[in-house]
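Below: one structure, written as structure tokens.
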Amino acid sequence: DGQSHAVDSSDLAFQTAAREAFKQAYRKAKPRILEPIMKVSVESPTEFAGSVFASINQRRGIIVSSVEDENFSRIDAKVPLVEMFGYATNLRSLSQGKAEFTMEFLRHARVPENIAEDLITEYKEKLRLQTS
């Protein structure tokens, strides 16, 4: 009836009701995990283009375009930000220090299901360890 009652209007009762309402709404909403996607441009001598393509593919990257001439190659791709950590070192290694890249934020995209499941499992384990 929306009225306050001494028997069932305690702080604990309201907290429990709010928690349960949130859980129900959360399940119905079917939330998804998003990740930042970066626009990546790699410039290198043409002799390293194959290695650069492979390095982008290994990082869940999607090649958008590539331009090559006799000596120079530029590859543009979309790559999840989390996959770009350590890329500068990797790129230097595979190109003998002759390649460079730039990146800028492009958009957010849904995390693939298998990765989302791993993230959720990892998070639940972390919560379990904190509460035990």
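Anchor point for the sequence shown: position 10 equals 10 in our numbering, and the numbering is continuous, going up by one each time. Glycine included, every Cβ here is placed at the ideal spot set by N, Cα and C.
Nearest candidate by alpha-carbon position, reference residue i, set the options
i   : options                : result
P36 : R110, D118, T89        : R110
P31 : E117, F53, S132        : E117
E83 : F48, S10, K39, A21     : K39
S44 : N114, L119, T102, K124 : T102
I62 : T46, E47, P80          : P80
Y87 : V64, N57, N114         : N57
V64 : S132, G97, Q130, L106  : L106
Residue i: first and last residue of the uninterrupted alpha helix (DSSP H) it sits in
i   : result
D11 : 11-29
S95 : Per DSSP, S95 belongs to no alpha helix (DSSP H) and is neither H nor E.
Coarse secondary structure for residue i, derived from DSSP in three states
i    : result
E122 : helix
E134 : No information on residue 134 is available, as it lies outside the stretch 1 to 132 that the chain covers here.
I115 : helix
R32  : coil
8 Å contact criterion, which residue i and residue j should meet: CB distance rounded
i   : j    : result
S55 : S66  : About 13 Å; that fails the 8 Å criterion.
A49 : E70  : Their Cβ separation, rounded to whole angstroms, is 12 Å, which puts A49 and E70 out of contact at 8 Å.
L94 : S51  : 4 Å
L12 : H108 : The pair is not a contact, with the Cβ atoms about 38 Å apart (cut-off 8 Å).
Those runs of the beta strand (DSSP E) which lie wholly inside the segment 42-67 and span at least 3 residues | none
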